[in-house]
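Encoded as structure tokens, the structure appears first; notes follow it.
Residue numbers (UniProt numbering): 1 to 192.
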């Protein structure tokens, strides 16, 4: 497996409000743009060879904006990367746009079911972590050279779970920061 650098998009207002974003096309906020710049500078400092890697992002606005700011901070042409729709975030279907508190008020039984089985639970018109894991495993099989990826928290959870062989009870609970990034060196996930 080649080196893989995974960067979660910077913060959005919906992140700050605790809203389920899923595949809604929400832009970065000022803090998120700062996180993207920081990640670009730190990546260039710690892994200068990454400038020659393949760069790929989810097609959602927040990941594209993160990628372009990141590449600019690395001294690279911001627009020279490719998009891959398979890297879109897990979809929460009818739950997108709601906060956790709003979900508990509107769908208390379903929230309890999700808490009991976060891996297998599928929100109304949405996708489960199990389904997302199958999608990301297909993408991972196509990675054949060192790559910098900008995608989403759910995507990184299942990617890290696949790479480290974590089980379905642990994978959806992984904390994926927006102000740091993961480097997979072929045997371990290192957060910088």
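Each residue gets a CB set at the ideal place from its N, CA and C atoms; glycine is no exception.
| Check | Outcome |
| --- | --- |
| For the beta strand (DSSP E) holding residue 8, just list the boundary residues, first then last. | 4 to 8 |
| On a CA-only basis, which of 170, 107, 6 and 123 is nearest residue 197? Give me that one, please. | Residue numbering for the chain in the displayed model covers 1 to 192; residue 197 lies beyond these limits and cannot be assessed. |
| Can you tell me whether DSSP reads residue 67 as helix, strand or coil? | helix |
| Quick check on the burial criterion: 16 or more other C-beta atoms within 10 angstroms. Buried or exposed for residue 46? | exposed |
| Which of the three DSSP states is assigned to residue 13 in this structure? | helix |
| In terms of alpha-carbon separation, which member of 156, 167, 26 and 62 lies closest to residue 177? | 156 |
| When DSSP labels each residue in this structure, what does residue 125 get in the three-state scheme? | coil |
| Report the partner residues of residue 119 according to the DSSP bridge assignment. | Answer is none; residue 119 lacks a bridge partner. |
| Using a Cβ-Cβ cut-off of 7 Å (strictly less than) and excluding sequence neighbours within five positions of residue 38, which residues of its own chain qualify? | 179 |
| With distances taken from CA atoms, which of 151, 162, 31 and 168 is nearest residue 189? | 162 |
| Out of 15, 124 and 147, which has the shortest C-alpha to C-alpha gap to residue 2? | 147 |
| Going by the DSSP bridge assignment, what does residue 182 pair with across the sheet? | 6 and 191 |
| In terms of residue numbering, what span does the alpha helix (DSSP H) encompassing residue 79 cover? | Unbroken run through residue 79: none, as it is neither H nor E. |
| Within the continuous beta strand (DSSP E) that includes residue 57, where are the two ends? | 54 to 57 |
| Using 9 Å as the threshold, is the C-beta distance between residue 58 and residue 94 below it? | no |
| Is the beta carbon of residue 136 less than 9 Å from the beta carbon of residue 158? | yes |
| Could you pull out every residue in the same chain whose Cβ sits closer than 6 Å to the Cβ of residue 182, ignoring the five residues on either side in sequence? | 6, 189 and 191 |
| Report buried or exposed for residue 106, applying the criterion of at least 16 other Cβ atoms within 10 angstroms of its Cβ. | exposed |
| From residue 55 to residue 70, what does the alpha carbon distance come to, in whole angstroms? | 11 Å |
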